[in-house]
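Undergrad:
Chains as they are written, first to last, in UniProt numbering: chain A, 1 to 257; chain B, 1 to 266.
#1: Using 9 angstroms as the threshold, is the C-beta distance between residue 99 of chain A and residue 91 of chain A below it?
#2: Counting only C-beta atoms, is residue 168 of chain B closer than 9 angstroms to chain A at any point?
#3: Which residue from A:102, A:8 and A:130 puts its Cα closest to that of residue 56 of chain A?
#4: Do you know how far the Cα of residue 96 of chain B is from the Cα of residue 111 of chain B?
#5: Quick check for students: name the residue ranges of the alpha helix (DSSP H) that lie wholly in the segment 104-169 of chain B, counting only runs of 4 or more.
#6: Can you tell me whether DSSP reads residue 173 of chain A as helix, strand or coil?
#7: Could you tell me which chain B residues have their CB closer than 7 angstroms to the CB of residue 162 of chain A, listed as they occur along the chain?
#8: Leaving out five residues on either side along the sequence, give the residues of the same chain with a beta carbon under 8 angstroms from the beta carbon of residue 183 of chain A.
#9: Are the CB atoms of residue 82 of chain A and residue 141 of chain A within a distance shorter than 9 angstroms?
#10: Can you list the residues of chain B that residue 51 of chain A reaches, using a CB-CB cut of under 7 angstroms?
#11: Kindly identify the DSSP beta-bridge partner or partners of residue 226 of chain A.
#12: Would you call the segment 242-257 of chain B in contact with the segment 86-101 of chain B, where contact means no fewer than 3 C-beta pairs closer than 8 angstroms?
#13: State yes or no: is the C-beta of residue 23 of chain A within less than 9 angstroms of the C-beta of residue 53 of chain A?
#14: Find the nearest neighbour of residue 173 of chain A within the set A:197, A:157, A:146 and A:201, judged by alpha-carbon distance.
#15: So with CB distances below 8 angstroms, who are the chain A contacts of residue 323 of chain B?
#16: Would you report the Cα separation of residue 185 of chain A and residue 264 of chain B, rounded to the nearest angstrom?
#17: Are at least three pairs of beta-carbons, each pair with one atom in the segment 212-229 of chain B and one in the segment 135-153 of chain B, less than 8 angstroms apart?
#18: According to DSSP, which residues form a beta bridge with residue 68 of chain B?
#19: Can you tell me whether residue 142 of chain A is helix, strand or coil according to DSSP?
#20: If you draw a straight line from the C-alpha of residue 97 of chain A to the C-alpha of residue 174 of chain B, how long is it?
#21: Tell me the start and end of each unbroken alpha helix (DSSP H) in the segment 151-216 of chain A that is at least 4 residues and wholly inside, in chain order.
#22: Of all Cβ atoms in chain A, is any one closer than 9 angstroms to the Cβ of residue 183 of chain B?
#23: Is residue 82 of chain A helix, strand or coil by DSSP?
#24: By a C-beta neighbour count over all protein chains shown, 10 Å radius and 16 as the cutoff for buried, is residue 145 of chain A buried or exposed?
#25: Apart from the five residues on each side of it in sequence, which residues of its chain come closer than 8 angstroms, Cβ to Cβ, to residue 50 of chain B?
#26: Can you list, in chain order, the residues of the segment 188-209 of chain B whose Cβ is nearer than 8 angstroms to any Cβ on chain A?
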């Protein structure tokens with residue numbers, strides 16, 4: 001369970017990135033966060049695993065405050081939260097399997113990981129993760145040899161190998177074409193349903209949000225302006241979140257879905 | 001009237017003054033002339049010296065090829081010095097590079113002192129370093145190796161930390177998000193991105209060190225340089241010439257191999 005209690009973030013110049021956000025996200029939910037760019041979607045997602053610091057309030061992960069956590073305690077909480085990025089964030093010069101194994105470093109001593117001595121179970125875990133996203137045959141290829149969609153699936157495999165209980169995905173399909181977008185979103189949904197991993201995704205496309213989410217949260221100027229099941233997220237609701245009628249480029253199109 | 005018939009010159013902004021260019025020119029001429037006078041270098045000296053130069057070159061040819069056998073061990077020592085010095089320097093350069101990169105170490109109390117030390121090292125000429133180490137450890141190869149090691153630290157660490165600062169921050173962010181600690185972040189997020197650059201800089205430094213090692217003998221730090229001094233001192237210019245040609249061949253060969261390797265790396 002993830003709880004955001006009165007979370008605010010203000011920047012030194014006075015602008016508010018997040019404004020008094022209160023949210024509770026239960027286990028196994030597939031939440032999609034929508035909003036214009038600059039509405040605070042990315043800031044909110046990144047404050048959940050504290051890649052961004054908040055200035056007020058508190059965030060609890062499974063009852064433990066990540067806001068107050070330090071050092072090993074913080075790393076322990078982060079270990080349970082996997083993250084998928086818009087730009088994949090793989091080490092391009094490393095092999096696929098090494099990128100996936102990087103998800104395991106939180107479980108072992110520094111020395112062991114620095115020497116690359118991952119136990120057999122870890123390697124099996126990494127290979128199984130690659131198999132789950134249908135990319136096992138690329139295990140020993142350098143990451144920069146893969147297409148964008150394949151790289152994002154490697155990133156998802158890294159999160160799986162991490163055995164995360166929560167997945168945060170920050171615009172995971174923004175740099176992919178419609179067909180690959182569908183594959184990556186299907187992978188995320190499959191993982192959510194089969195493994196019961198709580199998933200929070202920032203998305204730009206409204207139809208994609210409707211297709212995959214069980215719950216939609218609308219952000220506008222750092223505030224939650226909508227929070228409800230997909231059925232309630234009508235075109236009018238989206239128009240309210242965006243502060244204007246929906247544009248055509250905010251729809252991915254029927255072809256892909 | 002701003003009609004099409006009027007000259008546009010009247011509407012142009014004022015031309016920038018050229019006085020700065022003239023002053024710069026005068027300053028440069030004054031500096032060159034002043035330096036020439038102060039160091040007694042005139043064209044007349046050059047012309048009267050020409051016959052001497054011809055005589056020297058004449059004495060250098062033909063090179064004494066048989067002298068090769070005497071200097072081969074010294075040449076091997078020179079290369080060994082370069083290998084040992086570059087290797088020691090390259091190892092010590094790693095921690096220096098890490099603590100000098102602003103995207104890894106955030107504290108200015110570590111960053112700036114580390115960079116200051118690197119800058120300081122690079123301002124000392126390697127010949128001076130060798131002379132210092134000869135004074136401390138006595139004649140031989142050891143001071144030469146140390147001088148090259150110190151010089152290598154300065155160069156490799158600087159180039160590597162600059163390469164480190166241009167890496168993609170994405171993988172580092174990903175490593176933070178999986179719960180990695182500082183060392184794991186560096187090993188998994190930074191090292192794979194800069195390793196090839198680092199190896200390339202080590203090879204480049206090795207090229208420079210072979211050339212530097214060839215003259216370190218002049219201050220008593222071993223290697224082929226010793227034989228330059230010896231043959232020049234005895235006015236055996238044909239022997240000097242053979243050493244020069246030998247050094248040239250070795251340096252060219254090592255440069256060629258190293259350049260090819262570096263092309264493959266990046």
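Built from N, CA and C at the ideal position, the CB exists for glycine as well.
Keep in mind that this is a model prediction, so the values were computed, not measured.
TA: Looking at the coordinates:
#1: Taking 9 angstroms as the cut-off, the Cβ atoms of residue 99 of chain A and residue 91 of chain A count as close.
#2: Closer than 9 angstroms: yes.
#3: For residue 56 of chain A, the closest of A:102, A:8 and A:130 by C-alpha to C-alpha distance is A:8.
#4: Distance between the alpha carbons of residue 111 of chain B and residue 96 of chain B: 10 angstroms.
#5: The DSSP assignment places 108-123, 126-137 and 141-165 as complete runs of the alpha helix (DSSP H) inside the segment 104-169 of chain B, in order along the chain (cut-off: 4 residues).
#6: Coil.
#7: Neighbours of residue 162 of chain A on chain B, chain order: 178.
#8: Closer than 8 angstroms at the Cβ level, and outside the excluded window around residue 183 of chain A, lie 149 and 153.
#9: No, the pair does not count as a contact, with Cβ atoms beyond the cut-off.
#10: Residues of chain B passing the Cβ test: 173, 176 and 177.
#11: Bridge partners of residue 226 of chain A: A:218.
#12: They do not touch, by the three-pair rule.
#13: No, the Cβ-Cβ distance between residue 23 of chain A and residue 53 of chain A is not below 9 angstroms.
#14: The residue with the shortest Cα to Cα distance from residue 173 of chain A is A:201.
#15: A query on residue 323 of chain B cannot be resolved here, the shown segment of chain B reaching from 1 to 266 and no further.
#16: Each residue's alpha carbon lies about 39 angstroms from the other.
#17: Below 8 angstroms, enough C-beta pairs join the segment 212-229 of chain B and the segment 135-153 of chain B to call them touching: three or more.
#18: Beta-bridge pairing links residue 68 of chain B to no other residue.
#19: When secondary structure is reduced to three states using DSSP, residue 142 of chain A falls in the strand class.
#20: Approximately 15 angstroms, taken between the alpha carbons.
#21: Whole alpha helix (DSSP H) segments, 4+ residues: 178-195 and 206-212.
#22: By the rule that beta-carbons nearer than 9 angstroms mark a contact, residue 183 of chain B touches chain A.
#23: Correct three-state label for residue 82 of chain A: strand.
#24: For residue 145 of chain A, the number of other beta carbons within 10 angstroms of its own is below 16, and it is reported as exposed.
#25: Sequence-distant Cβ neighbours of residue 50 of chain B in its own chain, meaning closer than 8 angstroms and more than five residues away, do not exist here.
#26: Those residues of the segment 188-209 of chain B that come within reach of chain A (Cβ to Cβ, closer than 8 angstroms) are 188, 189, 192, 193, 195 and 196.
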